[in-house]
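Encoded as structure tokens, the structure appears first; notes follow it.
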Amino acid sequence: MKQIVFFDIDGTLIDDDTQILPDSACEAVAALRRQGHLAILNTGRPHSHIDPRVLALIWDGFVCGCGMEVQAEGQILHRALPDPALCRRSRDLVRACGLDALYEATGSMILDGTRPCPQVELEAQRMAAKGIPVTLDPDGPDFAFEKLVVYDLGHADMARFQAEAGRDFTLIDRGGGMTEAVLRGNSKSTGIGRILAHYDLPREAAYAFGDSNNDLPMFQCVATPIAMGSSPQTVREAAVYTTGTVLEDGILEGLRHFGLI
Numbered sequence: 002m003k004q005i006v007f008f009d010i011d012g013t014l015i016d017d018d019t020q021i022l023p024d025s026a027c028e029a030v031a032a033l034r035r036q037g038h039l040a041i042l043n044t045g046r047p048h049s050h051i052d053p054r055v056l057a058l059i060w061d062g063f064v065c066g067c068g069m070e071v072q073a074e075g076q077i078l079h080r081a082l083p084d085p086a087l088c089r090r091s092r093d094l095v096r097a098c099g100l101d102a103l104y105e106a107t108g109s110m111i112l113d114g115t116r117p118c119p120q121v122e123l124e125a126q127r128m129a130a131k132g133i134p135v136t137l138d139p140d141g142p143d144f145a146f147e148k149l150v151v152y153d154l155g156h157a158d159m160a161r162f163q164a165e166a167g168r169d170f171t172l173i174d175r176g177g178g179m180t181e182a183v184l185r186g187n188s189k190s191t192g193i194g195r196i197l198a199h200y201d202l203p204r205e206a207a208y209a210f211g212d213s214n215n216d217l218p219m220f221q222c223v224a225t226p227i228a229m230g231s232s233p234q235t236v237r238e239a240a241v242y243t244t245g246t247v248l249e250d251g252i253l254e255g256l257r258h259f260g261l262i
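Right, here's the structure in full:
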């Protein structure tokens, strides 16, 4: 039977600290497809924010923005975006709660700039290095975003943010003060469901590689969830196998372990 493998990007294909995409991972994905299996990216990032090195590989489909955009064989199967009014309300709520934010917009990243945060600055630098424009204009008339990431610097009113933002978004605690906000009704799991339906494949044919708490929904809807070696305990416990880290050729080792290449 044809198998299908879903790959997270950050901390799974690309090492978080060094931003290295190992040749072994690229070669393993290509080998997987040569065996007649399907390779799907499943990432929290919008499609336009995916590292160009990753997009240069050949993929059979994409689950982007934690399921807010799903593509297969060049077709958009699903796309959901916060409407402009919700984007503006979210911006105002972020400020009122004392949070710093990354607004992941189509083709760009928008920062507020009122509360310098090391994590936000680092991500902005990484985006700029990939050729993705970074702006400081959340008050512009056309302000809109696909997905929102906020950081609590230690003095934020998270209770209020969770109560109010939680009406429209699923909030994912990524640890270290980072919270990801995904439009309700969308997740890495719903994206997998749409991909499996498109290819008419059962859950039993599905594998997933991940390393973070936002990969847990993805793990719940595949038969074979695989944790990277750098994963926290919660992710390891949800997996059936823990492979090596990115820099330990974890993708190659994991695919070989299950006989997929």
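Position in the sequence shown (from 1) plus 1 gives the number in our numbering. Cβ coordinates follow ideal geometry from the N, Cα and C atoms, glycine included.
Boundaries (first-last residue) of the beta strand (DSSP E) holding residue i
i, result
"A209", "207 to 211"
"I173", "170 to 176"
"M110", "109 to 112"
Beta-carbon separation (whole angstroms), residue i vs residue j, contact threshold 8 angstroms
i, j, result
"P226", "V241", "6 angstroms"
"S49", "T107", "6 angstroms"
"L261", "Q4", "6 angstroms"
"R185", "C98", "19 angstroms between Cβ atoms; not a contact."
"V183", "Y152", "Actually they are not in contact, since the Cβ atoms of V183 and Y152 sit about 16 angstroms apart, beyond 8 angstroms."
Closest Cα partner of residue i within the set the options
i, options, result
"Q76", "G114, A102, R185, H199", "H199"
"A239", "A209, R257, G255", "A209"
"E67", "L56, V247, I51, A40", "The identity of residue 67 in the sequence shown is Cys, whereas the question assumes Glu. The option with the nearest alpha carbon to C67 is I51."
"D138", "L172, R89, V183", "R89"
"L248", "T235, S231, R257, R237", "S231"
"V6", "C27, L22, H38", "H38"
"L82", "D250, A145, V236", "A145"
"P233", "L197, H258, A224, D174", "D174"
"P85", "P142, N43, V150, V64", "P142"
"D61", "D158, F8, G155, A157", "F8"
"V150", "L202, N215, H156", "N215"
"T13", "R35, L154, V55, L197", "V55"
"G167", "G155, E181, H156", "E181"
"D18", "R257, T246, F259, G255", "T246"
"H156", "L202, G114, R257, G178", "G178"
"L100", "D169, A228, M159", "M159"
Contact set for residue i: own chain, Cβ-Cβ below 6 angstroms, skip 5 residues either direction
i, result
"L253", "S25, A29"
"R195", "V71, L78, H79"
"C222", "S190, I193"
"I59", "none"
"P134", "S109"
"M128", "M110, V135"
Residue environment, residue i, which counts as buried when at least 16 other CB atoms sit within 10 Å
i, result
"L123", "exposed"
"G132", "exposed"
"D140", "exposed"
"A130", "exposed"
"R46", "buried"
"I10", "buried"
"P23", "buried"
"E74", "exposed"
"G176", "exposed"
"D93", "exposed"
"E105", "buried"
"E205", "exposed"
Segment limits, alpha helix (DSSP H) that includes residue i
i, result
"P119", "119 to 130"
"E74", "Note, E74: premise wrong, no alpha helix (DSSP H); not H, not E."
"R92", "85 to 97"
"I21", "Note, I21: premise wrong, no alpha helix (DSSP H); not H, not E."
"S190", "189 to 200"
"A81", "No alpha helix (DSSP H) holds A81; DSSP gives it neither H nor E."
"M219", "217 to 221"
Cβ neighbours of residue i in the same chain (closer than 8 angstroms, five flanking residues each side left out)
i, result
"Q126", "none"
"T136", "S109, M110, I111, L112"
"A224", "R204, E205, A206, A207, Y208"
CB contact below 8 angstroms: residue i versus chain D
i, result
"A29", "Note that chain D does not occur in the displayed structure, where there is just one protein chain."
Same chain, Cβ closer than 7 angstroms to residue i, five either side skipped, listed in chain order
i, result
"F220", "A209, G211, P226, A239, A240"
"C27", "L58"
"E165", "L94"
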